Amino acid sequence: MPTTLSRRSTCPPSSTTTQEDYDRLRPLSYPMTDVFLICFSVVNPASFQNVKEEWVPELKEYAPNVPFLLIGTQIDLRDDPKTLARLNDMKEKPICVEQGQKLAKEIGACCYVECSALTQKGLKTVFDEAIIAILTPKKHTVKKRIGSRCINCCLIT
0 MPTTLSRRST CPPSSTTTQE DYDRLRPLSY PMTDVFLICF SVVNPASFQN
50 VKEEWVPELK EYAPNVPFLL IGTQIDLRDD PKTLARLNDM KEKPICVEQG
100 QKLAKEIGAC CYVECSALTQ KGLKTVFDEA IIAILTPKKH TVKKRIGSRC
150 INCCLIT
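Counting in numbering that gives the first Met the number 0, the sequence shown runs from 0 upward without gaps.
Below you can see the structure in the form of structure tokens.
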């Protein structure tokens with residue numbers, strides 16, 4: 000069930016890429032990040048695999064105490080005939096909700112959320128859940144994560 004917030008918060012996201020040239024520079028953008036959104040396309044199984052093989056290990060190394068959400072994107076293409084034909088040609092299928100939920104649990108994500116930038120379905124939920132992750136301190140985290148300071152969000156795609 001989607002969660003909504005009654006209080007306004009700002010979340011100026013920064014986006015990172017996987018280009019090899021940025022592998023050493025990317026972690027420099029991580030300090031002072033309050034929440035990470037690890038994104039993958041539900042119609043790109045390779046991006047789903049990168050979550051576990053690349054992004055989670057990097058976050059655990061450089062930002063081990065920062066909460067993160069797993070976000071499945073491009074859900075509007077999950078039923079698109081051209082996309083399904085392309086995936087079928089490669090003997091692949093779209094990532095289903097259950098696969099996303101299972102991976103989120105396995106990697107220790109706060110939650111799994113799906114969205115489509117095209118249709119805007121699920122977008123509000125993504126940002127609501129990111130804010131909730133920031134405002135809900137973990138028991139083992141000593142640092143207080145709420146207050147009047149700016150909330151920083153880092154998108155990983």
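For each residue, glycine too, the CB sits at the ideal point set by N, CA and C. If you're wondering where the values come from, they're calculated on a predicted model, not measured in any experiment.
As assigned by DSSP and simplified to three states, the class of I94: Of the three classes helix, strand and coil, the one that applies to I94 here is coil, per DSSP.
Need the endpoints of the alpha helix (DSSP H) that E57 sits in, please. Unbroken alpha helix (DSSP H) run through E57: 55-61.
Once DSSP output is grouped into helix, strand and coil, what is the label at G71? DSSP places G71 in strand when its eight states are reduced to three.
I'd like to know whether the C-beta atoms of A132 and C114 end up nearer to each other than 8 angstroms. no
Counting C-beta neighbours from all protein chains within 10 Å, is the total for P66 16 or more, i.e. buried, or is it exposed? Counting Cβ neighbours within 10 Å, P66 comes out buried, since at least 16 surround it.
Quick one: give me the first and last residue of the beta strand (DSSP E) that E113 is part of. 111-113
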